Each structure stands twice: as C-alpha cells, then as structure tokens.
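Contents: one structure, followed by commentary.
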Amino acid sequence: MPEHTADLISCWMKRGGSKSQKKWWRIIPQCIWWTVWREKWEVL
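Counting from 1, position 44 in the sequence shown corresponds to residue 43 in numbering that gives the first Met the number 0; the numbering is continuous, with no gaps.
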C-alpha cells in the first residue's frame with residue numbers, strides 16, 4: 000500500500016489496458032474522492 004496519496008494516484012495512472020480501460024482507471028480515483036468529500040459534508 001502506498002504511503003502517500005500522491006503515490007497512490009501514481010499507481011492508478013500506471014495501469015495498462017485498452018484506451019477505454021485507461022479512461023476508467025483515471026475516473027475511479029476521482030469518484031472515490033468525490034464520494035468521500037460528499038459524505039464528509041453530509042455529516043456536517
């Protein structure tokens with residue numbers, strides 16, 4: 000497991016696959032961060 004957020008994002012960007020698969024690998028981290036951010040503000 001990467002130690003820092005930047006390292007984690009870097010790992011996600013190195014994934015192989017087709018152009019379509021690469022697109023999804025770029026979108027997944029953004030969806031995770033958006034969900035975390037939204038949940039945080041719903042609690043407050």
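Beta carbons: idealized from backbone N, C-alpha and C, even for Gly.
Predicted model, so just to flag it, every value in this text is computed and none were measured.
- Counting along the chain, residue 2 sits inside no alpha helix (DSSP H), nor does DSSP assign it H or E at all.
- Bounds of the alpha helix (DSSP H) holding residue 19 are 18-42.
- Non-local C-beta neighbours of residue 18 in its own chain, meaning closer than 6 Å and more than five positions away in sequence, are absent.
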